[in-house]
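Okay, so the sequence shown: first residue is 12 according to this note's numbering, each after it adds one.
Below is one structure, written out as structure tokens; the observations come after it.
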Amino acid sequence: MTLSCTADGTASVAFAARAADSCAEHMGTLAVGTTTRSGTIAAVSGCTSPQRFSDGGTSTSRYARRHTFTVASPLRVQIDLASAAANTSRLDTYLLLLEGHSSDGTGTVLGRNDDVGSGHGTHRHNSRLSAVELAPGHYTIEATTYGSRRTGDYTLTVVAVGGAGAACTDDLGTLTAGRHVRTGTVAAVEGCTSTHRGSGTSRPSARWYTFTLDAPAWIDIDLAKATTSSLDPYLLLLSGHTSTGTVLAQDNDSGTATAAQIQGVHLDPGAYTIETTAATHSGTTSTGDYTLTVTVPISGLAQTYDATVDEQTTINFNYWPTNARIAAESEHLAVASSGSGGSHSMMVAPDRARSHAVSVHMNSSTAPRSGTAGAARGATARSSHQDGTTRTFPATVTSSCPTGKVLSPINEVLCVVPSSDPDPRLDDVGEEPVYNQATDTLKLSLRLFWDSGCWARRGSC
């Protein structure tokens, strides 16, 4: 029925009204969380399931009731249809998920289920659709029966979590220097199984934690079972924000007792995923509660740096714990460093064109404990421990000659001034070594010859 109203003959508003549908109920916009409805499958004329036997079918021998709803943002849902406890005899349910607001049950079938499991008992009669990814749009749940002309009460439960895969995934956000702790449970949830371990029905249950790095960082990951848990933890570090990413590192029990531990791995800026799972796919050790600890002791320290001879390069990074003592050293490179409270700077000014190994030492009684790193695949570097409270993080500074200079042909690390003059005056270039490209000779001042140690090597610099 449509009602039109006109105000002073200048404007009109139309209202549409529809009689209540005895076969369907609208649940509104589905929100994250649990939505429960109780209903009755009754012998009502017109309230039958046209698609009970086949998608697009025309069977009308099963009574049905439908629940329409709207999804505003991507959701992952599990839908359970169960016989009500008050029924005199158990109702053998059948569940369908349809596309659109299909109050007549003719919408495209997106999923269907008869029994949750096999055998006898509750699961033999109840129905479930699990791990269903729903894009924004309109949908219909149809509650019907396995047998013909059956009636009875039922309970419908819809559990929704935000985003695709969110039932098994949490986001740690962007990690900086510090310690980040989460507690969770490895549970037998449909769709939440490891894609890297086991095969078929022998894959262990898993959960995933995504995180992002805006700067290069060293990272430690520890997965320990809860005190009352029997879980045997297994840990994987993956590339990308996906459970199917490349395995960068993995471990079973390198930590304390049965804890899994991946320690001292250097990661470039990017997206990563931690998989928390079990060492086995069945038995009491395959599920249980755990504590996940992710520590970033150094953030902002890259593995390699480019520098220019005789020019200062400053390297800044952050560290945790903030009360740690930081020192830096290099065998062939003068390093000046300063900082406190979690921030540190290193200044280097190389005098030779070469690669310089730099060691950053962190010493703190509250620094992450020492341990054996888990087996790594693709991890390009590891930090090392000198003792129980000191850790060493390596970096490399590669220096090249500045504009206007070239490498000495004699030692290939000294930067010299190129010249076509067969006998240049050293005073003209500030007593810097001069390389004559035409005669392939190098001219040094006596002082530079002495200071460089060329005299001890009989001129082979």
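We put the CB at the ideal spot given by N, CA and C, even for glycine.
None of these values were measured; they are calculated from a predicted model.
For residue i, the first and last residue of its enclosing beta strand (DSSP E)
i: G44; result: G44 to I52
i: C262; result: Looking at the sequence itself, residue 262 is Asp, so the reference to Cys does not match. It spans V258 to D262 - the beta strand (DSSP E) in which D262 sits, taken as one unbroken run.
i: K236; result: A228 to K236
i: R123; result: V120 to N124
i: P244; result: P244 to S250
i: V478; result: Residue 478 is absent from the model: the chain starts at 12 and stops at 472.
i: G405; result: It is Pro, not Gly, that sits at residue 405 in the sequence shown. Element bounds for P405: T401 to S411.
i: L303; result: G299 to S310
i: L344; result: No beta strand (DSSP E) holds L344; DSSP gives it neither H nor E.
i: S8; result: Here the chain covers residues 12 to 472 and nothing more, so residue 8 does not appear.
i: R218; result: A217 to L224
i: G149; result: The sequence shown places His at residue 149, rather than the Gly named in the question. Start and end: G148 to T156.
i: G275; result: A271 to L278
i: N327; result: T324 to Y330
i: S487; result: With the chain covering 12 to 472 only, the question about residue 487 has no answer from this structure.
Residue i and residue j closer than 7 Å at C-beta
i: H292; j: P215; result: yes
i: R190; j: T306; result: yes
i: T287; j: L303; result: yes
i: A2; j: D181; result: Residue 2 lies beyond the residue range present for the chain, which begins at 12 and ends at 472; the question has no answer from this structure.
i: V424; j: A364; result: yes
i: T81; j: T168; result: no
i: L92; j: A42; result: no
i: S241; j: G299; result: yes
i: I273; j: L312; result: no
i: A54; j: T151; result: no
i: T45; j: V170; result: yes
i: T187; j: S310; result: yes
i: T206; j: T253; result: no
Buried or exposed by the 16-neighbour rule on C-beta atoms within 10 Å, applied to residue i
i: A318; result: buried
i: H343; result: exposed
i: F6; result: Outside the modelled stretch of the chain, which goes from 12 to 472, sits residue 6, for which no answer is possible.
i: P279; result: For the record, residue 279 in the displayed sequence is Asp; it is not Pro. Burial call: exposed.
i: D243; result: buried
i: D262; result: buried
i: T104; result: buried
i: F404; result: buried
i: R336; result: exposed
i: A268; result: exposed
i: A146; result: exposed
i: D233; result: buried
i: S138; result: buried
Rounded separation between residue i and residue j - CA only
i: T51; j: R73; result: 13 Å
i: V320; j: S341; result: 16 Å
i: D438; j: S410; result: Residue placement at D438 is poorly supported in this model, since its pLDDT is 44, which falls under 50; the coordinates still yield a value, given next. Distance between the alpha carbons of D438 and S410: 26 Å.
i: V427; j: A347; result: 26 Å
i: P197; j: Q323; result: The amino acid occupying residue 197 in the given sequence is Val; Pro does not appear at that position. Spanning the two alpha carbons is a distance of roughly 51 Å.
i: S159; j: L106; result: 14 Å
i: P379; j: T257; result: Reliability of the predicted coordinates at P379 is poor, the pLDDT of 40 falling under 50, and the value obtained from them is presented with this limitation in mind. Rounded to whole angstroms, P379 to T257 spans 26 Å at the Cα level.
i: G118; j: A75; result: 14 Å
i: F222; j: G281; result: 9 Å
i: A339; j: G266; result: 28 Å
i: H149; j: S65; result: 21 Å
i: L418; j: W229; result: 34 Å
i: G415; j: Y316; result: 21 Å
i: D231; j: A217; result: 20 Å
i: N124; j: S114; result: 19 Å
i: H314; j: A235; result: According to the sequence shown, residue 314 is Gln rather than His. Their Cα atoms are separated by approximately 30 Å.
i: D126; j: A237; result: 34 Å
i: G57; j: A97; result: 26 Å
i: C179; j: S366; result: 45 Å
is_contact[residue i, chain C] using C-beta, thresh 7 Å
i: S366; result: The structure shown contains no chain C, having only a single protein chain.
Contact belief for residue i with residue j at Cβ below 8 Å, rounded distance in angstroms
i: T401; j: M373; result: 7 Å
i: G353; j: T333; result: 4 Å
i: H290; j: Y245; result: Note that residue 290 is Ala in the sequence shown here, rather than His. Confirmed, about 5 Å.
i: Y283; j: S250; result: 6 Å
i: A142; j: Q89; result: 7 Å
i: R101; j: H78; result: Not really, about 21 Å apart at Cβ, beyond 8 Å.
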